[in-house]
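Asks:
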Amino acid sequence: MVAARVSEVKAEGVLRGACAALAAAAALLVGLSTQTETVLLVRKKATVKDVQALWVLAMAAAAAAGYHLLQLLKCFYLGRRVGGGASPCRRSSRALAWTCLLLDKACAYTTFATTVAAAQACVIALDGAHALQWTKLCNIYTRFCEQIAGSLVLGMLAAVGTAVLSAASARNVFRHYSPGTYAAH
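Here the UniProt record's numbering is used: the first residue of the sequence shown is 1, the next is one more, and so on.
(1) Which residue from Ala113, Val116, Arg171 and Ser178 puts its Cα closest to that of Glu8?
(2) Among Thr114, Leu157, Cys145 and Tyr67, which one has its Cα closest to the Cα of Val123?
(3) Alpha carbon to alpha carbon, what distance is there between Thr162 and Cys107?
(4) Are the beta-carbon atoms of Leu137 and Ala125 separated by less than 7 Å?
(5) Does DSSP put Val48 in a helix, a strand or coil?
(6) With C-beta atoms as the reference, is Leu15 less than 7 Å away from Leu152?
(7) Is there contact here, the stretch 66 to 78 with the stretch 33 to 40, by at least three beta-carbon pairs under 8 Å?
(8) Look at the Cβ atom of Gly155, then the Cβ atom of Ala46, and state whether they are nearer than 7 Å.
(9) Taking the alpha helix (DSSP H) that Thr162 belongs to, which residues open and close that run?
(10) With DSSP collapsed to three states, give me the class of Thr110.
(11) Can you name, in chain order, every residue of its own chain whose Cβ lies under 8 Å from the Cβ of Asp159, other than the five neighbours on each side?
(12) Measuring straight from C-alpha to C-alpha, what distance separates Asp127 and Ala121?
(13) When you compare the CB positions of Leu78 and Ser169, do they come within less than 7 Å of one another, or not?
(14) Are there 16 or more other CB atoms within 10 angstroms of the CB of Tyr67, so buried, or fewer, so exposed?
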């Protein structure tokens with residue numbers, strides 16, 4: 001039983017490390033993307049701050065990466081503790097499991113929502129909005145748009161990984177309740 005728990009903690013640690021790397025890469029790629037082009041004799045620079053949704057994505061992805069790094073430290077601690085045979089207090093363990101579940105859910109929803117919002121804003125940059133007389137910006141800032149597209153893919157992969165982690169957190173919560181505890185008598 002202890003060996004199975006240790007392998008679960010290791011698997012969670014690997015997935016958390018992957019999610020942290022994906023989210024950090026998405027944040028860095030969005031945050032550091034710039035391109036300068038000359039349009040009608042005027043030099044224009046495209047940055048992440050030009051589209052509010054991209055700025056929010058950069059901040060949310062950075063926060064998600066930090067959260068996953070903190071949870072990764074928790075996995076290392078639990079891996080040492082469970083591997084050493086120590087048994088944490090049942091009540092504090094249950095509270096920790098619930099806290100991790102709620103934080104994982106919040107991180108998954110936030111990462112997914114900000115990535116989708118940024119993708120929606122990027123569709124306008126890709127196709128333009130003829131009714132509003134907005135031109136296609138990706139024809140001008142091709143490299144910038146390609147970098148943003150890459151960061152959107154990384155952000156979505158981080159969101160999917162976080163959703164898988166929240167499912168594992170839910171399993172961990174339900175492990176603390178015995179099947180007969182709440183059965184009707």
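Where a beta carbon is used, it is the ideal one built from N, C-alpha and C, also for glycine.
These figures come from a predicted structure and were not determined experimentally.
Replies: Taking the geometry as given:
(1) For the residues Ala113, Val116, Arg171 and Ser178, the minimum Cα distance to Glu8 belongs to Arg171.
(2) The residue with the shortest Cα to Cα distance from Val123 is Cys145.
(3) About 7 Å.
(4) Yes.
(5) Helix, per DSSP.
(6) 7 Å or more divides the Cβ of Leu15 from the Cβ of Leu152.
(7) No: fewer than three Cβ pairs fall under 8 Å.
(8) Cβ atoms of Gly155 and Ala46: not closer than 7 Å.
(9) Where Thr162 is concerned, the enclosing alpha helix (DSSP H) stretches over Thr142 to Arg175.
(10) Residue state, collapsed to three classes: helix.
(11) The question names Asp, but residue 159 in the sequence shown is Ala. Excluding residues within five positions, the ones whose Cβ falls inside 8 Å are Ala108, Thr111, Phe112 and Thr115.
(12) In a straight line, the C-alpha of Asp127 is about 10 Å away from that of Ala121.
(13) No, Cβ-Cβ distance for Leu78 and Ser169 is not below 7 Å.
(14) Buried, because 16 or more other Cβ atoms sit within 10 Å of the Cβ of Tyr67.
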